[in-house]
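Report on the following structure.
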Amino acid sequence: MRIAEDLSRRFDLPLAGYRDQVWVLHEYVASLISRKQLNPDKIRPAVASALGTLTRACDIPKPLAQLAAIEDFKLFVSLSCDDLLLRALRTVEARAEAYAYGIRSETNGRAVDLPDKWAGKISWQLLGSAANLLDFAIHEGDVLEYPRRQQSEHATRAMCWRRCATATCC
(Lines of atoms letter the chains of each structure in order from A and count residues from 1; the text may use other names and numbers.)
(Lines give C-alpha, C1' and ligand atoms only; values in the text may rest on other atoms or scores of the structure.)
Protein backbone atom coordinates (compact mmCIF):
# COMPACT_ATOMS: atom_id res chain seq x y z
CA MET A 1 0.00 0.00 0.00
CA ARG A 2 2.79 2.44 0.89
CA ILE A 3 4.45 2.02 -2.49
CA ALA A 4 1.16 2.70 -4.29
CA GLU A 5 0.68 5.78 -2.08
CA ASP A 6 4.16 7.00 -3.06
CA LEU A 7 3.37 6.45 -6.76
CA SER A 8 0.10 8.33 -6.32
CA ARG A 9 2.03 11.38 -5.13
CA ARG A 10 4.67 11.07 -7.86
CA PHE A 11 2.28 10.56 -10.77
CA ASP A 12 -0.64 12.68 -9.52
CA LEU A 13 -3.26 9.96 -9.86
CA PRO A 14 -5.34 9.38 -6.72
CA LEU A 15 -5.64 5.90 -5.26
CA ALA A 16 -9.10 4.46 -5.79
CA GLY A 17 -10.76 1.72 -3.77
CA TYR A 18 -8.97 -1.51 -4.59
CA ARG A 19 -10.21 -5.02 -3.98
CA ASP A 20 -7.46 -6.31 -1.73
CA GLN A 21 -4.34 -4.94 -0.02
CA VAL A 22 -2.25 -7.61 -1.75
CA TRP A 23 -3.15 -6.31 -5.21
CA VAL A 24 -3.08 -2.54 -4.59
CA LEU A 25 0.28 -2.00 -6.28
CA HIS A 26 -0.58 -4.19 -9.28
CA GLU A 27 -3.93 -2.48 -9.78
CA TYR A 28 -2.51 0.99 -9.29
CA VAL A 29 0.25 0.37 -11.84
CA ALA A 30 -2.37 -0.95 -14.27
CA SER A 31 -4.37 2.24 -13.78
CA LEU A 32 -1.27 4.37 -14.38
CA ILE A 33 -0.64 2.49 -17.61
CA SER A 34 -4.23 2.82 -18.83
CA ARG A 35 -5.28 6.24 -17.48
CA LYS A 36 -2.01 8.12 -17.82
CA GLN A 37 -0.81 6.15 -20.86
CA LEU A 38 2.52 5.53 -19.13
CA ASN A 39 5.01 2.96 -20.32
CA PRO A 40 5.77 0.50 -17.48
CA ASP A 41 9.48 1.29 -17.92
CA LYS A 42 8.71 4.84 -16.78
CA ILE A 43 7.03 3.47 -13.64
CA ARG A 44 9.61 0.81 -12.63
CA PRO A 45 12.29 3.24 -11.39
CA ALA A 46 9.73 4.97 -9.15
CA VAL A 47 8.60 1.60 -7.76
CA ALA A 48 12.24 0.60 -7.17
CA SER A 49 12.95 3.88 -5.38
CA ALA A 50 9.87 3.61 -3.15
CA LEU A 51 10.59 -0.05 -2.42
CA GLY A 52 14.21 0.71 -1.56
CA THR A 53 13.20 3.50 0.81
CA LEU A 54 10.62 1.30 2.49
CA THR A 55 12.84 -1.78 2.91
CA ARG A 56 15.96 0.13 4.02
CA ALA A 57 13.94 1.56 6.87
CA CYS A 58 12.67 -1.76 8.17
CA ASP A 59 14.19 -4.61 10.11
CA ILE A 60 14.40 -8.05 8.59
CA PRO A 61 11.07 -9.76 9.30
CA LYS A 62 11.39 -12.55 11.86
CA PRO A 63 10.02 -15.28 9.51
CA LEU A 64 12.72 -14.45 6.93
CA ALA A 65 15.40 -14.54 9.61
CA GLN A 66 14.10 -17.91 10.77
CA LEU A 67 14.14 -19.31 7.24
CA ALA A 68 17.63 -18.00 6.57
CA ALA A 69 18.86 -19.69 9.74
CA ILE A 70 17.88 -23.17 8.53
CA GLU A 71 21.31 -24.63 7.95
CA ASP A 72 20.32 -27.28 5.40
CA PHE A 73 18.59 -24.82 3.08
CA LYS A 74 20.97 -23.40 0.47
CA LEU A 75 18.60 -22.16 -2.25
CA PHE A 76 15.72 -19.81 -1.47
CA VAL A 77 13.29 -19.09 -4.29
CA SER A 78 11.55 -15.75 -3.94
CA LEU A 79 8.66 -14.04 -5.69
CA SER A 80 9.60 -10.69 -4.17
CA CYS A 81 11.73 -8.11 -5.94
CA ASP A 82 13.10 -6.53 -2.74
CA ASP A 83 16.37 -7.40 -0.99
CA LEU A 84 14.96 -8.46 2.40
CA LEU A 85 15.61 -12.17 1.85
CA LEU A 86 19.20 -11.51 0.77
CA ARG A 87 19.74 -9.34 3.83
CA ALA A 88 18.38 -12.14 6.03
CA LEU A 89 20.67 -14.68 4.35
CA ARG A 90 23.70 -12.44 4.80
CA THR A 91 23.09 -12.22 8.54
CA VAL A 92 23.64 -15.98 8.62
CA GLU A 93 26.23 -16.33 5.86
CA ALA A 94 28.26 -13.41 4.52
CA ARG A 95 28.81 -15.14 1.16
CA ALA A 96 25.09 -15.27 0.37
CA GLU A 97 24.22 -14.03 -3.11
CA ALA A 98 21.11 -13.03 -5.02
CA TYR A 99 20.32 -13.97 -8.58
CA ALA A 100 17.32 -12.47 -10.31
CA TYR A 101 15.60 -13.75 -13.38
CA GLY A 102 15.02 -11.06 -15.96
CA ILE A 103 13.02 -11.08 -19.17
CA ARG A 104 15.53 -8.60 -20.57
CA SER A 105 18.76 -10.38 -19.78
CA GLU A 106 20.76 -7.67 -21.54
CA THR A 107 19.77 -5.24 -18.76
CA ASN A 108 20.89 -7.57 -15.99
CA GLY A 109 24.24 -7.00 -14.37
CA ARG A 110 24.88 -10.74 -14.07
CA ALA A 111 23.79 -14.03 -15.55
CA VAL A 112 20.18 -14.95 -14.93
CA ASP A 113 20.86 -18.66 -14.39
CA LEU A 114 22.07 -20.06 -11.12
CA PRO A 115 25.79 -20.81 -11.01
CA ASP A 116 27.04 -24.41 -11.16
CA LYS A 117 28.99 -23.98 -7.92
CA TRP A 118 27.59 -22.02 -4.99
CA ALA A 119 29.83 -20.16 -2.57
CA GLY A 120 27.02 -19.65 -0.08
CA LYS A 121 23.26 -19.48 0.27
CA ILE A 122 21.37 -18.13 -2.73
CA SER A 123 18.24 -16.06 -3.11
CA TRP A 124 16.79 -16.64 -6.58
CA GLN A 125 14.22 -13.98 -7.45
CA LEU A 126 11.86 -15.38 -10.06
CA LEU A 127 10.09 -12.05 -10.76
CA GLY A 128 13.26 -9.98 -11.05
CA SER A 129 14.93 -7.60 -8.66
CA ALA A 130 14.26 -3.92 -8.04
CA ALA A 131 18.04 -3.50 -8.02
CA ASN A 132 17.73 -3.78 -11.80
CA LEU A 133 15.53 -0.76 -12.41
CA LEU A 134 14.07 -1.97 -15.70
CA ASP A 135 13.63 -5.69 -15.21
CA PHE A 136 11.27 -6.71 -12.41
CA ALA A 137 7.56 -7.44 -12.20
CA ILE A 138 5.34 -4.51 -11.22
CA HIS A 139 1.88 -5.53 -12.45
CA GLU A 140 -0.21 -8.63 -13.07
CA GLY A 141 0.87 -8.87 -16.70
CA ASP A 142 4.50 -9.06 -15.60
CA VAL A 143 3.65 -11.67 -12.95
CA LEU A 144 2.27 -13.85 -15.76
CA GLU A 145 5.00 -13.06 -18.29
CA TYR A 146 8.05 -13.86 -16.14
CA PRO A 147 7.14 -17.51 -15.41
CA ARG A 148 5.93 -18.02 -18.99
CA ARG A 149 9.30 -16.88 -20.32
CA GLN A 150 11.18 -18.96 -17.77
CA GLN A 151 9.41 -22.07 -18.98
CA SER A 152 9.81 -21.33 -22.68
CA GLU A 153 13.40 -20.10 -22.94
CA HIS A 154 16.45 -21.98 -24.13
CA ALA A 155 17.72 -25.28 -22.73
CA THR A 156 19.87 -23.69 -20.01
CA ARG A 157 16.70 -22.55 -18.29
CA ALA A 158 15.62 -26.19 -18.05
CA MET A 159 19.03 -26.99 -16.56
CA CYS A 160 18.51 -24.25 -13.97
CA TRP A 161 15.15 -25.71 -12.96
CA ARG A 162 16.69 -29.19 -12.72
CA ARG A 163 19.41 -27.84 -10.39
CA CYS A 164 16.71 -26.18 -8.31
CA ALA A 165 14.71 -29.40 -8.12
CA THR A 166 17.71 -31.35 -6.87
CA ALA A 167 18.84 -28.74 -4.33
CA THR A 168 17.56 -28.44 -0.79
CA CYS A 169 15.19 -25.56 -1.45
CA CYS A 170 13.03 -23.19 0.44
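First residue of the sequence shown? That's 1051 in the working numbering, and the numbers climb one at a time after it.
By construction, the Cβ of each residue, glycine as well, lies at the ideal position given by its N, Cα and C atoms.
Remember, predicted model here, so these are calculated numbers, not experimental data.
Closest by C-alpha distance to residue i, when choosing among the options
i: residue 1093; options: 1057, 1112, 1119; result: 1057
i: residue 1082; options: 1061, 1100, 1074, 1105; result: 1061
i: residue 1091; options: 1183, 1127, 1110; result: 1183
i: residue 1076; options: 1202, 1191, 1201; result: 1191
i: residue 1171; options: 1100, 1187, 1122; result: 1122
i: residue 1139; options: 1118, 1059, 1078; result: 1118
i: residue 1166; options: 1149, 1133, 1185; result: 1149
i: residue 1145; options: 1168, 1127, 1152; result: 1168
i: residue 1107; options: 1174, 1186, 1052, 1189; result: 1052
i: residue 1050; options: 1065, 1109, 1193; result: No answer is possible for residue 1050: the residues shown for the chain start at 1051 and end at 1220.
i: residue 1178; options: 1098, 1113, 1137, 1112; result: 1098
i: residue 1187; options: 1080, 1120, 1173; result: 1080
Paired residues, beta bridge with residue i - DSSP
i: residue 1173; result: 1126, 1148
i: residue 1186; result: 1178
Bounding residues of the alpha helix (DSSP H) (the contiguous stretch that carries residue i)
i: residue 1112; result: 1112-1118
i: residue 1092; result: 1090-1106
i: residue 1057; result: 1052-1061
i: residue 1153; result: That residue, residue 1153, is in no alpha helix (DSSP H); it is neither H nor E in DSSP.
i: residue 1080; result: 1074-1085
Alpha-carbon to alpha-carbon, residue j and residue i
i: residue 1141; j: residue 1085; result: 43 Å
i: residue 1135; j: residue 1104; result: 14 Å
i: residue 1143; j: residue 1199; result: 31 Å
i: residue 1195; j: residue 1154; result: 12 Å
i: residue 1201; j: residue 1181; result: 23 Å
Where residue i sits in the DSSP three-state scheme
i: residue 1133; result: coil
i: residue 1165; result: coil
i: residue 1138; result: helix
i: residue 1064; result: coil
i: residue 1192; result: helix
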